[in-house]
Structure formats: structure tokens, C-alpha cells
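Chains as they are written, first to last, in the numbering used here: chain R, 490 to 943; chain F, 26 to 215; chain Z, 266 to 514. Built from N, CA and C at the ideal position, the CB exists for glycine as well. Note that the coordinates shown come from a computational prediction; the quantities given were computed from them, not determined experimentally.
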Amino acid sequence: MGHPEEASRFLANADRAKWHDQTLWMVRQKRDVATGFVSEWEELRSVASAIKEHTLSRLDDYLTEFESNALLNGIKVHWAENADEHNRIVLGILSRRKIDTLVKSKSILTEECHLNDFLQENGIEVIDTDLGERIVQFAKQPPSHIVMPAIHMKRGEISELFHEKLGTEKGNEDATYLTRAARKHLRDKFLKAKAALTGVNFAIAETGGFVVCTNEGNADMGVHLADVHIASMGIEKLIPRWEDLGVFTRILARSGTGQAITNYTSHFHKPRKGQELHLILVDNGRTKQLGREHFRSSLKCIRCGACMNTCPVYRRSGGFSYKSTVPGPIGSILSPGIDLKKYSSLPFASSLCGSCSDVCPVKINIHDQLYRWRQEIMQHNNGQVQGKIFSRMAGFLLASPFWYRVLSSMVTGISKVFPGALKNSFLVWGNQREFPPVPRQTFRDWFDQNAGKG
Amino acid sequence: MSAKEKILSRIRDLSLPPANLPETISFPDRGDKLGGLKKSLELAGAKVIEHNGEGLSFLLSNYFSANVSMLSLVNGVQGNFFLEGINQPGELEGLEVAVIPAAFGVAETGALWLKEEALTFPVLPFIVQHLVLVVSKEAIVSDMHEAYRRIGPMHRNFGVFVAGPSKTADIEQSVVIGAHGPLSLTVVLK
Amino acid sequence: MKIGLFIPCYIDQFYPRVGIATHQLLVKLGCDVHYVREQTCCGQPLANSGYEDSSRSCANRFINNFSDFDFTVTPSGSCAYHVRHHYDFIQQTSDVVHVRNSTLELTEFIVDVLKKPLPKVTFPHKVGLHSGCHGLRGLRLAAASETKESAFNKVEELLNAVDGLELVYPERLDECCGFGGTFSVKEEKVSVAMGNDRIHGFLEKDVAYITSADMSCLMHLDGLIRRQGLLVQVVHVAEILNESVYGAS
Numbered sequence: 490m491g492h493p494e495e496a497s498r499f500l501a502n503a504d505r506a507k508w509h510d511q512t513l514w515m516v517r518q519k520r521d522v523a524t525g526f527v528s529e530w531e532e533l534r535s536v537a538s539a540i541k542e543h544t545l546s547r548l549d550d551y552l553t554e555f556e557s558n559a560l561l562n563g564i565k566v567h568w569a570e571n572a573d574e575h576n577r578i579v580l581g582i583l584s585r586r587k588i589d590t591l592v593k594s595k596s597i598l599t600e601e602c603h604l605n606d607f608l609q610e611n612g613i614e615v616i617d618t619d620l621g622e623r624i625v626q627f628a629k630q631p632p633s634h635i636v637m638p639a640i641h642m643k644r645g646e647i648s649e650l651f652h653e654k655l656g657t658e659k660g661n662e663d664a665t666y667l668t669r670a671a672r673k674h675l676r677d678k679f680l681k682a683k684a685a686l687t688g689v690n691f692a693i694a695e696t697g698g699f700v701v702c703t704n705e706g707n708a709d710m711g712v713h714l715a716d717v718h719i720a721s722m723g724i725e726k727l728i729p730r731w732e733d734l735g736v737f738t739r740i741l742a743r744s745g746t747g748q749a750i751t752n753y754t755s756h757f758h759k760p761r762k763g764q765e766l767h768l769i770l771v772d773n774g775r776t777k778q779l780g781r782e783h784f785r786s787s788l789k790c791i792r793c794g795a796c797m798n799t800c801p802v803y804r805r806s807g808g809f810s811y812k813s814t815v816p817g818p819i820g821s822i823l824s825p826g827i828d829l830k831k832y833s834s835l836p837f838a839s840s841l842c843g844s845c846s847d848v849c850p851v852k853i854n855i856h857d858q859l860y861r862w863r864q865e866i867m868q869h870n871n872g873q874v875q876g877k878i879f880s881r882m883a884g885f886l887l888a889s890p891f892w893y894r895v896l897s898s899m900v901t902g903i904s905k906v907f908p909g910a911l912k913n914s915f916l917v918w919g920n921q922r923e924f925p926p927v928p929r930q931t932f933r934d935w936f937d938q939n940a941g942k943g
Numbered sequence: 026m027s028a029k030e031k032i033l034s035r036i037r038d039l040s041l042p043p044a045n046l047p048e049t050i051s052f053p054d055r056g057d058k059l060g061g062l063k064k065s066l067e068l069a070g071a072k073v074i075e076h077n078g079e080g081l082s083f084l085l086s087n088y089f090s091a092n093v094s095m096l097s098l099v100n101g102v103q104g105n106f107f108l109e110g111i112n113q114p115g116e117l118e119g120l121e122v123a124v125i126p127a128a129f130g131v132a133e134t135g136a137l138w139l140k141e142e143a144l145t146f147p148v149l150p151f152i153v154q155h156l157v158l159v160v161s162k163e164a165i166v167s168d169m170h171e172a173y174r175r176i177g178p179m180h181r182n183f184g185v186f187v188a189g190p191s192k193t194a195d196i197e198q199s200v201v202i203g204a205h206g207p208l209s210l211t212v213v214l215k
Numbered sequence: 266m267k268i269g270l271f272i273p274c275y276i277d278q279f280y281p282r283v284g285i286a287t288h289q290l291l292v293k294l295g296c297d298v299h300y301v302r303e304q305t306c307c308g309q310p311l312a313n314s315g316y317e318d319s320s321r322s323c324a325n326r327f328i329n330n331f332s333d334f335d336f337t338v339t340p341s342g343s344c345a346y347h348v349r350h351h352y353d354f355i356q357q358t359s360d361v362v363h364v365r366n367s368t369l370e371l372t373e374f375i376v377d378v379l380k381k382p383l384p385k386v387t388f389p390h391k392v393g394l395h396s397g398c399h400g401l402r403g404l405r406l407a408a409a410s411e412t413k414e415s416a417f418n419k420v421e422e423l424l425n426a427v428d429g430l431e432l433v434y435p436e437r438l439d440e441c442c443g444f445g446g447t448f449s450v451k452e453e454k455v456s457v458a459m460g461n462d463r464i465h466g467f468l469e470k471d472v473a474y475i476t477s478a479d480m481s482c483l484m485h486l487d488g489l490i491r492r493q494g495l496l497v498q499v500v501h502v503a504e505i506l507n508e509s510v511y512g513a514s
């Protein structure tokens, strides 16, 4: 099923869909307020965008610089060409130390690599510790949003889930009560865990360190208690200079949740005494995307989630309708690069309104790239010859003044003679909308009779 | 070829046209830094107390009962819990209050910079139930640009900006203070 | 100054009144307006569906039709955006460059080029302004709510000069109406949900009319309004400025 069918399913529950739309719109509004306090917001966007563009244009140099500085810091650096290599590296680190439990903070990269499934198949217990991620892990679902993983769930469902998994009171839906129960449950896990995995928000070439941002404090609870810290990052997460963090920490949370900054911005450079610190640099299709001129800048993404919150389609179709690790507008330009056929409906899941591009803190021209992917998809066309023939015919007819007239008069003629014809259900427009009333004359007829005279 | 060589050579083979790196940026002082810091912290759910530093212990006794365990790493504040004899960071579980010095604060975001040296155990500000950060009113910078310049390219193990008590909104976007880290953050401006 | 009038296909067929209002308004403003009878479609519906390549001859036809004019003016933000922003897939001859640079949406032409006060008109009604996305974020007819640019709105500027007109916005200032060309049928359910939300945003403000510089958005909203028998009417900005709103007193 493509996006339209999934979206229809989501919208079938009208109350839920409305709630989803309103909740995420509220986050967009918080973002507007937070960015409104920053008079140089547009300048920050431009600078952030330029820093990322520069870094991508010299990514090999920065990766090399980053690695040598990280090694000097005592970080063990690994490189993974793809998801499978990444997962094996993680398993290898754990196996060497005979560790069978891993606490994880949010990492969309590990979702992309399907790390949890892989580790569990290999006998490792994986505990997601971000509250939202723990909820979806209990529910055996992927996250539906990259910043708010359980935004598709209502508190009643979460209460039911916690009753079953954590033994909370049946029917108690109080958010504080449920959060405290998770806190207690996960504290226990943190205290016992020998290894913790985090994502990476920013990695700094100049200092060979990296930054992890959370509000819950779960990343820090994990890594500062565990003997092994594994950090997984996509190679595009690099920034050149320490001072560049000033720009990115100002835009990330304001865009994502409407906070001035995340409550914890943690800077890791060296392992704690007696601790092992591993960092895995993952390609998994990123160098391929880097080679695509029109889509290269999608790698500037800092995963703030603002484009999802603002997207009128995402808000009304839910994260799962995209069926890709990263949903929403940014997902719709990243995913076709991973599997063009599988994700071919995503670039069309947009009205091309452009709100995503304007909200993006690193100025990715998301809606232009959606348009561009549409061209790519139709050129490959997944073996559908009819579409191509139809479009060629349409292109020819619409370019010819004569056929354009014939076609137009057919449309108006048919609807004049058979007013109901256009309402026929095969013309989807008419399912819930009236067709425009057909006027007495076209503009051209009017012009010929009036203005065009003499 | 190793994964590293393959990745790097794939990037090199693209020979992308170089794009310019902008100069690092800075903005003029925004004025009232103390007011800005207070506002930012309160917005993030922290309690802010202005205090001259004298009798800080007494002041804190108004907020925390004498029966609870309190660790202080700030001169002039007497705690009843000590780090001597603590070998593993997990042993800090159960600690009720920690009073820790912050190096400086950032007015625009409410972020307070904690250096690892000041923590002994990096887990301390996360594992404790209630966190008290003490920062000098003189040590406030205007924005994050200035903050990172002040720290300078970092080579210590760990450092963290704390900008509020731990929190989550993962259940229907209802904000709950006290997720995995402290249930409250009190900031003393002295 | 020679002005070529581009009347988009759906306006020609379904909303000639908008074309007429545009033509009359430009004439009133003293423009030398020409209507090339050989005009067809700008090719946007094909290109947005991923068939840019098949729309090549449409684009070339458009360039041929309008290369002799100083400006090409159209009452559709979306079509102007397509010509200006997407016509890089045809060879950039001097004609193409000229037409792309000089194709303007009606309100921006009046505000940026003519810079003339409009003839005095009256429209004593409460009117909601819907900003079409291609005009808003594509042509920057106004500052979009996402950006922190200082506020401006070319369409509003013109409507503010209309006597008696009370201009209001829905609470979600500039959210998309959900038309999006073929999106409206490919993603019908989402499109309709967006359209209904947009209409209710206006009804909450008790408007008698919804206006826009883009008739395609209004066609979609009007389809929903009439199917549901709602008491609100859509009018193109040109109709208000030309004082030719059908049925209005």
C-alpha cells in the first residue's frame, strides 16, 4: 500500500486524526514563539545552512580530521559501509565484553539499521530508554515521529500498555503517574546496564568529540553508569569547528520542540576512567545521496522534526503512513534515495506548499526536492508504460492550441449535455467536491465577443 | 579495502565543488543578562533564587528538609552526604539533593555549563533526585556563540549544558517534569 | 508597456469571470493588454506529476506566445511560479530568460510594477484572505508565517484600499488548502481534510467571502463548500478589485 491508502486509513478515525493534527500544530506554534524571540533567526538559518553545505563539500577531509582527533582523545573509531556492518560492529563490542543487555537512547540511525531486531536475534536484550521510544518498543511499533516517537498514541493506550508491562494501575491515565512508573522501571535498567548506546547530534572535526541532546537525561543516565559507551552516527553529522555548536544548539530545539535549548546538551570527548568509548561512522547510502546533485543538500538535515510538525499532510496522515524510518517531508526526499520503488509514493504525498522548506533551520529546499524526485520516479516509472504514453499525449495536446480547444470544448460540452457525467465516481474529484459550474462561455469566447473586437 | 577507505574514496571520487565556510559569528551584547537567564530558566521549569551567597546552607534548608541526603560541592554549603568511599557511579542512586557549582550561565537559553572536574562523577547531575546549581551573577554570557567561545575548543572528557529539570512530553505532549534525571532544578544566582 | 495576459486553462474554462475581471482591471489601470489566442496551458499539471519532460512543448509554446511582451501577467500565483521557478528544464535562450523574468502574478504586477493606486472600489463585506502557497512561499507575495522576515503582504495591501472591506485571516494564518494540483485526486482524503479544515478556519471568523490570488485553491474550496451547502462564497481578488463580484451588492 502506498501513502494515499495508508493516509485514508489514518483519516478514517476522524477524532484521532484531528487530535494528531492539532497536537503537532501546537508544536509548530511553540516553534514560532521560540524562534520569534531570536531577531537574527534568518541569519542563523543561512549560516547553519552554509556550514553544512561546506562540510558536505569536503566531507572526506572532515571525516579524516575528526577521526584522528577522536583517536587522540582515546575514542575507538569504527567505520560501517552499511546497516549490516554497523550492527555487527555493535554486536562485536558487546560480545567481546560478554555483555547481554544494552540501554539505548534515541538514535534514528539505529532505527534505520534495524539494530534492535538484529541484536535481539543474537541474544542481546535492548532497552530503549527515551520514554516515547520505550512506549513504542512495548507496543512493538517503530517510532512515528523522529522527535516524538509515540505521538500517534493516546494516553489510554499507553496506560493499558503500562498496566500490562509495568503493572501500573488499570485505567490510571495520568501522564505524571505513568512517567514516574517508567522512571522507576528504567532507573533499574540504567543501574544494571554494562553498555549504553547513544546517537550523535553533532560531531566536531576540530576537537574529535560529539554532542548528544536530550530532555529526559536518558542518554547521560545510560552512558555515565555503563562501562561501555557506543555512539552511532551518520557521516553527515559532522561540523567543522567547536564554535559552530553555537549556531546549531541555538536552532535545534527551537525548531523541534519550541524550547530555547534541550535541557541537556552533553559534550563527549574522552572515555571516563575505566570506560570504553566507541564511535561508529555509518555510510548506509549517504555517499550515494551525496553524489546526487539535486538531493545532496538533504544531508544537511539535523533531525529536528520541524518539517513534520508543519507539514499539513504529515499531521493528517500520521508517521506510519510513510512506512519509512524518517517520515514526513524530509523522509520523503531521503527515502527514495534508499529504495526508489518502495518509496515511490512519498514524493507525491505533498501539496508542494513549501512550508517544510521555510521552517527548515538549515534551509533544505525540501519541496523542490519533492518535485525533483517526482521527475526521477516518472522517468523510471516502475515499468508503467501507460503513464508515460498518457503524459506524452497530454503534453502534445496541451501544447497545441487546436487540440487544447477541442479538448476544452469536449470537457465543457460533455458537462453541459450530461451534467452528472463529471460526478462519476471514477473521477475522484467529485467524491467529496462539486465540479466547478460550467459557465455560458469561456474567457476566450468572451474576449472574442468583447475586448478582442477591432 | 577497509570500510573507511571505501567510504572516503567514494566521497573523493565525487570531487564536489568546494563551498565556502562562513566565518564564525557573534552578536552584540543583548543587555540584561541576569534577567534573561532567569526568564529562560523559569520558562524551562527551573526555580531561580537570587542570593548573596552568605548563609546559603540556611537558605537551602528552606527548600530541602534536613532529613534528606544532600551532597554539596559548593563552598559554604554544608551537606550530609560525602563522595569519600563512593567507588561506582551507581552508588549515587538514592541521593536526594546535590548542590553543584556551574561555571557560567547563558542568558538566551538558560543553559548552565557544568565541567566534569566540578562533578567528580559525570552521572551526578543526572542521577540525583533534586539538583541545585550555583552560579555567579557575574558569570553570565549573552548567547550560545559567546558560551562556546568562553569554553574554548574542548579537550576535557565531558561537559554538559543543563537548562532545566529533566522532562518529557512523550505522553500526549503533556509536559512532565522529572523524566529520568532530576525531579527539580533549583538555580541559585549569587 | 505591452502586457501579455495569460489566462490559465481552468480559469478560461470554468472561471472566465476571473479572466474578465483581470482584463478589465488592467485596462482600467491604463495597461496595453494583449490576449494571445494561441495560448494553452503552462504545463504545470504535467510537471508536478513528474512529467516535466512531456510538458516541454507546453513550456516552449508559452515562451513563444509571450516573448514579445514587456510583462506577462496572470491571475494565478501557481502558474507564474511554475514559469519562473521550474522552466529551467528547457534551453535557456534569451527569450526564455526574458519571459521567466517578466511573468508576474496579477497583484505583484500591480504593487511592484505599476505602483499605482487602484480605482476606488467598494466591497462592504467581511472577507477572509487565503494565501495560495505558490504565491506565498514561491513568489513571496507575503512574508510566510514560518519565516521571521518583517511582515508584508502584497495582496493585503491591495485589499486594504477597498472601501468597506473587512479583512480577516483564519487562526492558522497561511496553512495550505490542500489543492496541490494532482495531489487533490492522488491524495484525495488528505486533500479534502485539509480543505475542510481551511474552510472551517474561515467560518470561525464569520466571513461572507473567501478570497485569494489563486483561483485553483478557491476551485477546490468551492467544490467542498457547495457539496456541503456551506454559507460562504469564493471570489478571486481580481473580482473584488474590479468591483465585479457576481451577486454582490
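First and last residue of the uninterrupted alpha helix (DSSP H) at residue i
{"i": "proline 281/Z", "result": "281-293"}
{"i": "valine 502/Z", "result": "502-506"}
{"i": "methionine 867/R", "result": "855-869"}
{"i": "leucine 482/Z", "result": "The residue you asked about is not leucine; residue 482/Z is cysteine in the sequence shown. First-last of the alpha helix (DSSP H) with cysteine 482/Z: 480-493."}
{"i": "leucine 394/Z", "result": "Not the alpha helix (DSSP H): leucine 394/Z falls in the beta strand (DSSP E), residues 391-395."}
{"i": "valine 536/R", "result": "530-546"}
{"i": "glutamate 600/R", "result": "597-601"}
Start and end residues, beta strand (DSSP E) containing residue i
{"i": "alanine 123/F", "result": "122-126"}
{"i": "tyrosine 753/R", "result": "753-757"}
{"i": "threonine 476/Z", "result": "474-477"}
Residue i versus residue j: straight-line alpha-carbon distance, rounded
{"i": "glycine 621/R", "j": "isoleucine 613/R", "result": "21 Å"}
{"i": "proline 178/F", "j": "leucine 561/R", "result": "14 Å"}
{"i": "arginine 805/R", "j": "valine 527/R", "result": "30 Å"}
{"i": "isoleucine 328/Z", "j": "arginine 894/R", "result": "19 Å"}
{"i": "threonine 814/R", "j": "serine 341/Z", "result": "37 Å"}
{"i": "serine 535/R", "j": "glycine 774/R", "result": "26 Å"}
{"i": "methionine 867/R", "j": "methionine 710/R", "result": "48 Å"}
{"i": "proline 47/F", "j": "valine 848/R", "result": "21 Å"}
{"i": "tyrosine 434/Z", "j": "serine 367/Z", "result": "30 Å"}
{"i": "alanine 749/R", "j": "proline 207/F", "result": "19 Å"}
{"i": "valine 361/Z", "j": "proline 890/R", "result": "20 Å"}
{"i": "glutamine 309/Z", "j": "histidine 674/R", "result": "56 Å"}
{"i": "leucine 117/F", "j": "serine 86/F", "result": "21 Å"}
Closer than 7 Å at the beta carbon, the chain R residues around residue i
{"i": "tyrosine 173/F", "result": "Trp731, Glu732, Leu734, Gly735"}
{"i": "arginine 326/Z", "result": "Ala888"}
Residues that residue i contacts on chain Z, provided the C-beta gap is smaller than 7 Å
{"i": "valine 917/R", "result": "Val450, Glu453"}
Listed by chain order, chain F residues near residue i by CB distance under 7 Å
{"i": "phenylalanine 757/R", "result": "Phe183"}
Per-residue contacts from residue i into chain Z (C-beta, under 9 Å)
{"i": "glutamate 531/R", "result": "Thr412, Lys413, Glu414"}
{"i": "phenylalanine 627/R", "result": "Correct list: empty, because the minimum Cβ distance to chain Z is about 29 Å."}
Within chain R, the residues that residue i reaches when beta carbons sit closer than 9 Å
{"i": "tyrosine 300/Z", "result": "Phe932, Arg933, Phe936, Ala940, Gly941"}
{"i": "lysine 267/F", "result": "The structure shown has nothing for residue 267/F, since chain F only spans 26 to 215."}
{"i": "leucine 489/Z", "result": "Gln921, Arg922, Glu923"}
Contact list for residue i against chain R, beta-carbon separation under 8 Å
{"i": "isoleucine 32/F", "result": "Leu552, Trp568, Glu570, Ile724, Leu770, Asp772, Thr776"}
{"i": "threonine 49/F", "result": "Arg730, Glu732, Asp733, Gly735"}
Supposed contact pair residue j and residue i - C-beta distance, whole angstroms, cut 8 Å
{"i": "alanine 216/Z", "j": "lysine 419/Z", "result": "The displayed coordinates of chain Z run from 266 to 514. Any statement about residue 216/Z would go beyond what the structure contains."}
{"i": "serine 307/Z", "j": "cysteine 323/Z", "result": "For clarity, residue 307/Z is cysteine in the given sequence; the question names serine instead. Yes, they are in contact, since the Cβ atoms of cysteine 307/Z and cysteine 323/Z sit about 6 Å apart, within 8 Å."}
{"i": "threonine 305/Z", "j": "leucine 887/R", "result": "5 Å"}
For this session: Taking a Cβ distance cut-off of 8 Å, strictly less, list which residues of the segment 494-526 of chain R are near chain Z, in chain order.
Result: Here the close residues are Ala496, Ser497, Leu500, Ala506, Asp510, Trp514, Asp521, Thr524, Gly525.
Problem set entry | Chain-ordered residues of the segment 491-504 of chain Z with a beta carbon less than 7 Å from chain R | Going along the segment 491-504 of chain Z in chain order, one finds Arg491, Arg492 with a Cβ nearer than 7 Å to chain R.
Exercise. Listed from N- to C-terminal order along the chain, which residues in the segment 186-208 of chain F have their beta-carbon within a distance smaller than 8 Å of any beta-carbon of chain R?
Worked result: Against chain R - using a Cβ distance shorter than 8 Å - the residues of the segment 186-208 of chain F are Phe186, Val187, Ala188, Gly189, Pro190, Ser191, Lys192, Thr193, Ala194, Asp195, Ile196, Glu197, Gln198, Ser199, Val201, Gly203, Ala204, His205, Gly206, Pro207.
For this session: Identify each residue in the segment 129-162 of chain F for which the Cβ-Cβ distance to at least one residue of chain R is less than 9 Å, and report them in chain order.
Result: Listed by position, the residues of the segment 129-162 of chain F near chain R (Cβ gap below 9 Å) are Val131, Glu133, Thr134, Gly135, Ala136, Glu141, Phe146, Pro147, Val148, Leu149, Pro150, Phe151, Ile152.
Exercise. Of the residues that make up the segment 685-705 of chain R, which ones have a beta carbon closer than 9 Å to any beta carbon in chain Z?
Worked result: Of all residues in the segment 685-705 of chain R, none is placed with a Cβ closer than 9 Å to any Cβ belonging to chain Z.
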